[in-house]
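Everything on this sheet refers to the single structure shown next.
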Amino acid sequence: MTKKPGEKALDAIVEEMIDVVHKSKDEIFHISEEARKEHELLEKELQETKDKVIAHINDGDELEKKVRMSRQHLSEVSKNFDRYSESEVREVYEYTHTMQTRLAMLRQEEKILRDKRDELERRLQSLDQTIERSEGLTSKVSVILTYLNEDFKQVNEMLEEAKEKQEFGLKIIEAQEDERRKLSREIHDGPAQMLANILLRSELVDKTFRNGTTDEVLYEIKSVRKMIRSSLYEVRRIIYDLRPMALDDLGLVPTIKKYIATLSDYNNLKIDFNLIGEERRVNQKYEIAFFRLMQEALQNAVKHAEASQVIVKLEIGVKTIAMVIKDNGKGFDPAIKREKSFGLIGMRERVDMLNGTMSINSTIGEGTAIVINVPYNLS
795 MTKKPGEKAL DAIVEEMIDV VHKSKDEIFH ISEEARKEHE LLEKELQETK DKVIAHINDG
855 DELEKKVRMS RQHLSEVSKN FDRYSESEVR EVYEYTHTMQ TRLAMLRQEE KILRDKRDEL
915 ERRLQSLDQT IERSEGLTSK VSVILTYLNE DFKQVNEMLE EAKEKQEFGL KIIEAQEDER
975 RKLSREIHDG PAQMLANILL RSELVDKTFR NGTTDEVLYE IKSVRKMIRS SLYEVRRIIY
1035 DLRPMALDDL GLVPTIKKYI ATLSDYNNLK IDFNLIGEER RVNQKYEIAF FRLMQEALQN
1095 AVKHAEASQV IVKLEIGVKT IAMVIKDNGK GFDPAIKREK SFGLIGMRER VDMLNGTMSI
1155 NSTIGEGTAI VINVPYNLS
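The sequence shown runs 795 to 1173 under my numbering.
Below is the structure:
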């Protein structure tokens, strides 16, 4: 089908917009990366400056003791002037003067270092804000870019349904970007940070190998091995969170048991799982939904509720599927939390999509109980 001149002009405008947005995204990413690099350098410089401040304080304290003793000696010489020769008196006076001058210079250097430390901390705070803003802008630009690439090019063919499809498409895109941002942050805060620590620790192993004893070298190697094991666990956990393969192969109940066992061991948390009735396979979308609901509730219990014990109950009936997640954590006010918790909002939206109900009962200091009921025809 040949496009009309107006449609070609519109496509050209869209292409130009996409090109501009692409360049803007690249520039934002470049700014973010430069800010991260500068942040790493400043952190290193800040630590070195802090170490110098501590060293100057210690040196200054020692020098102050020497100055005090020298003054006492000078006072004694002045009182008993006739007992000392002129050269001895001059030597004591010059030594005291030298010590006082060195102390004044050291204190001045300490003040300069303190000012430098404070300035570095302010610059780091500013860089943190820049990085945070650039991440937010990158996410927003990605939403716009995806919309322009996937939806807006076909705007002439979708005019009658534009509003409905636009809103739906943007919700999907925003959800995708939220998941990508969450995954990016998990990788940055988890495996990426751990690998950076391993790299730093490996440098320490190298120094210990050259200067330390055999026992010290073995201790550092064991520490690095432990950090690598933790990094591997974090990578596997992220992969499992993205899509647990056991859900397709084994079903909901075995996957929940496996997830609970892993989460319990890693977080030193007691989690009891009770299956009421028979173990049954259900439609895949229901298995995925209930696994994600359970996963979000347990993550809330671990990260926010500071619980030491959690009970998970699941019942797959003939006409309904029910789940209860109860913890003994610090609890919260549902009226306040509901407006701010994206996790709880996401859970409620997922339950609504299945035409189910979800109730949250929580009291500050007494834990939280989440009850979910979803209609399901097993036959």
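Glycine included, each C-beta is placed from N, C-alpha and C at the ideal position.
In this text, all values refer to a predicted model and were calculated from it rather than measured experimentally.
Taking the Cβ atoms as the reference, Asp1121 lies roughly 5 Å from Gly1161, within the contact range of under 8 Å. Per the Cβ contact rule, the segment 875 to 893 is not in contact with the segment 909 to 918 (fewer than 3 Cβ pairs under 8 Å).
By a beta-carbon distance limit of 8 Å, Leu900 contacts Asp853. Their separation comes to about 6 Å. As the crow flies, the alpha-carbon of Leu1092 is around 31 Å from that of Ser936. The Cβ atoms of Ser1153 and Val1168 lie no closer than 8 Å to each other. CA-to-CA, the gap between Ser864 and Arg877 works out to about 18 Å. In the DSSP annotation of this structure, Lys1124 is not part of any beta strand (DSSP E), being labelled neither H nor E. Look at Ala1099 here: in three-state DSSP terms it is coil, with no helix or strand label. Apart from sequence neighbours up to five positions away, the residues of its chain that approach Val871 with a beta-carbon distance below 7 Å are Tyr878, Val883, Val886, ordered along the chain. Rounded to the nearest whole angstrom, the C-alpha separation of Val1118 and Lys976 is 26 Å. Here DSSP, grouped into helix, strand and coil, assigns Thr1007 to coil.
Annotation: the segment 876 to 945 contains no complete segment of the beta strand (DSSP E) (minimum length 3 residues). Here Ile967 has Val937, Thr940 as same chain residues with Cβ atoms under 6 Å from its own Cβ, once five neighbours each way along the sequence are excluded. In terms of Cβ geometry, Ile1115 and Val1145 do not form a close pair [threshold 8 Å].
Look at Val1165 here: in three-state DSSP terms it is strand. Across the set Val814, Ile1033, Asp1000, Leu989, the C-alpha of Leu989 shows the shortest separation from the C-alpha of Lys1020. His891 sits exposed, since fewer than 16 C-beta atoms from the chains shown fall within 10 Å of its C-beta. Taking the CA atoms as reference points, Ser933 sits about 6 Å from Glu971. Between Ile1110 and Gly1071, the CB-CB gap stays under 8 Å. Just so you know, the alpha carbons of Leu921 and Ile825 end up roughly 11 Å apart. Following the DSSP letters along the chain, one finds Ile1158 in no alpha helix (DSSP H), marked with neither H nor E. In the DSSP annotation of this structure, the continuous segment of the alpha helix (DSSP H) that includes Leu1046 starts and ends at 1046 to 1061.
The distance from the Cβ of Leu918 to that of Leu840 is about 7 Å, consistent with a contact at the 8 Å cut-off.
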